[in-house]
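A short write-up of the structure that comes next.
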Amino acid sequence: MRKDITILGEKIKPGKTYQIKSDIARLHTRTKIEVPIIISRAKVDGPCVLISAGIHGDEVNGVEIVRQVVANKYNIPDAGMIICVPVVNVFGFLIKTREFPDGKDLNRSFPGAKNGSLASKFAHFFMNEIVVHVDYCIDFHTGGDTRFNYPQIRISDDDEETFNLAKTFGAKFVKYSSEREKSFRASAVASGKKVLLYEGGKALNINPKITNVGVTGILNVLESLGVKKMPSDHIPLHDGVKQVVFNESKWIRANASGMYRSLVENGLPIKKGEVIGLITDPYGFFERKIKSPVSGHVICLNHSPIVNQGDAIAHIAIKL
Numbered sequence: 267m268r269k270d271i272t273i274l275g276e277k278i279k280p281g282k283t284y285q286i287k288s289d290i291a292r293l294h295t296r297t298k299i300e301v302p303i304i305i306s307r308a309k310v311d312g313p314c315v316l317i318s319a320g321i322h323g324d325e326v327n328g329v330e331i332v333r334q335v336v337a338n339k340y341n342i343p344d345a346g347m348i349i350c351v352p353v354v355n356v357f358g359f360l361i362k363t364r365e366f367p368d369g370k371d372l373n374r375s376f377p378g379a380k381n382g383s384l385a386s387k388f389a390h391f392f393m394n395e396i397v398v399h400v401d402y403c404i405d406f407h408t409g410g411d412t413r414f415n416y417p418q419i420r421i422s423d424d425d426e427e428t429f430n431l432a433k434t435f436g437a438k439f440v441k442y443s444s445e446r447e448k449s450f451r452a453s454a455v456a457s458g459k460k461v462l463l464y465e466g467g468k469a470l471n472i473n474p475k476i477t478n479v480g481v482t483g484i485l486n487v488l489e490s491l492g493v494k495k496m497p498s499d500h501i502p503l504h505d506g507v508k509q510v511v512f513n514e515s516k517w518i519r520a521n522a523s524g525m526y527r528s529l530v531e532n533g534l535p536i537k538k539g540e541v542i543g544l545i546t547d548p549y550g551f552f553e554r555k556i557k558s559p560v561s562g563h564v565i566c567l568n569h570s571p572i573v574n575q576g577d578a579i580a581h582i583a584i585k586l
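Going by the working numbering, the first residue of the sequence shown is number 267, and it counts up by one from there.
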């Protein structure tokens, strides 16, 4: 790590912690929307780790994970530097929505452009002012709407170091997945960063187990990189189940509209032909079973009690 580091005009000195507020855009009322960035640098050189959440403003469980890291001072490194951005998309967080005020998905706007749309300008700022300084990224997401993701790490193909970090993180599921075009992960990987993308929980919801797996995963990775020793006061929650690595999965969709009742448990194995759930009408005259067309593990369930035909109701991981 370089001895002289300047981020957003602030010189980051060894042994110091900074809270810097970026100011790159305003609402249509001319109100400033500032994004707090918490930077802690050790006196000893080492890698720089970015811990970020809230690229989608309604994915608050990731925000809670990063908040706990900062509140417990787990972001104070023994070596190197840790940058925490608990809420990347403050715009969406304010009004509890995924999108930026321009209606765009920030996670489809990277690497951005200096003179592009609001989301594109912010993505350009984030890549060139923050990501440029880091070696490793841990980015936190949840399932959209009522879809609850079981804790899982998604990584790029053919990268042994990233795979080993994913195993170290400790989530039950590790998925090899190609990067989505213009996503933060795709742009960060293209710029030479090692990226772990954590999926857990659902939008506008905070779940203690999802939070605990996320915080413990961060501490596991930081310790393995030599950035921070595992705090003695942290008691991790273990599944007691071996990790499952997969590169193929299948979404199961509702075959009718109606009231929906799930019959399977998230995170557990499922066999081909097993009934996932029932769709009924509100009156007791109609019932339809939904069966799994494949064997694997359930990694996401739709928690909505009402579905339309074609809605995603379950996601099945097919083990390597």
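Quick reminder that beta carbons are idealized off the backbone N, C-alpha and C, glycines included.
Please say whether residue j and residue i have beta carbons closer to each other than 8 Å?
i, j, result
"N568", "A580", "yes"
"V510", "K585", "yes"
"L372", "N355", "yes"
"V397", "S457", "yes"
"F357", "I299", "yes"
"F414", "N532", "yes"
"R519", "A578", "yes"
Quick check on residue i: does DSSP put it in helix, strand or coil?
i, result
"S318", "strand"
"V329", "helix"
"F406", "strand"
"R420", "strand"
"H294", "coil"
"E300", "coil"
"T283", "strand"
"H581", "strand"
"S490", "helix"
"N373", "helix"
"N430", "helix"
"K277", "strand"
"S453", "helix"
"I518", "strand"
In the DSSP assignment, the beta strand (DSSP E) including residue i goes from what residue to what residue?
i, result
"R527", "G524 to S528"
"G562", "G562 to N568"
"R446", "Looking at the DSSP string, R446 is not in any beta strand (DSSP E), and its letter there is neither H nor E."
"G358", "Not the beta strand (DSSP E): G358 falls in the alpha helix (DSSP H), residues V356 to I361."
"Y464", "K460 to K468"
"I553", "Just to set this straight, residue 553 is Glu in the shown sequence, not Ile. Looking at the DSSP string, the run of the beta strand (DSSP E) that includes E553 is E553 to K557."
"L544", "V541 to T546"
Keeping to the same chain, check which residues put their C-beta closer than 6 Å to that of residue i; ignore five residues upstream and five downstream.
i, result
"C350", "I304, I317, V332, V336 and N341"
"V329", "A319, G320, P352 and V353"
"A522", "I545, R554 and Q575"
"K494", "P343, D344 and L488"
"C403", "L316, A454, K459 and V461"
Can you tell which of the options has the C-alpha that lies nearest to the C-alpha of residue i?
i, options, result
"V353", "G369, V301 and K508", "V301"
"Q334", "T482, R527, R413 and P367", "T482"
"L384", "V397, G369 and P343", "G369"
"C566", "E465, I278, S443 and G275", "E465"
"E427", "R374, S528 and V461", "V461"
"H322", "K516, K468, P548 and G524", "K468"
"K448", "E325, S386, D547 and N381", "S386"
"F359", "P548, E325 and G346", "E325"
"P417", "V479, D405 and I273", "V479"
Among the residues of its own chain, which have a CB less than 7 Å from the CB of residue i, if the five just before and after it don't count?
i, result
"E445", "S422, R451, A452 and V455"
"K538", "S558, P559, V560 and S561"
"I348", "S306, V315, I317, N341 and V493"
Apart from the five residues just before and just after residue i, which ones in its own chain have a Cβ nearer than 8 Å to its Cβ?
i, result
"L534", "H563 and V564"
"F391", "S288, I290 and G378"
"L470", "D324, V326 and K362"
Following the continuous alpha helix (DSSP H) through residue i, name the residue where it begins and the one where it ends.
i, result
"M393", "L384 to E395"
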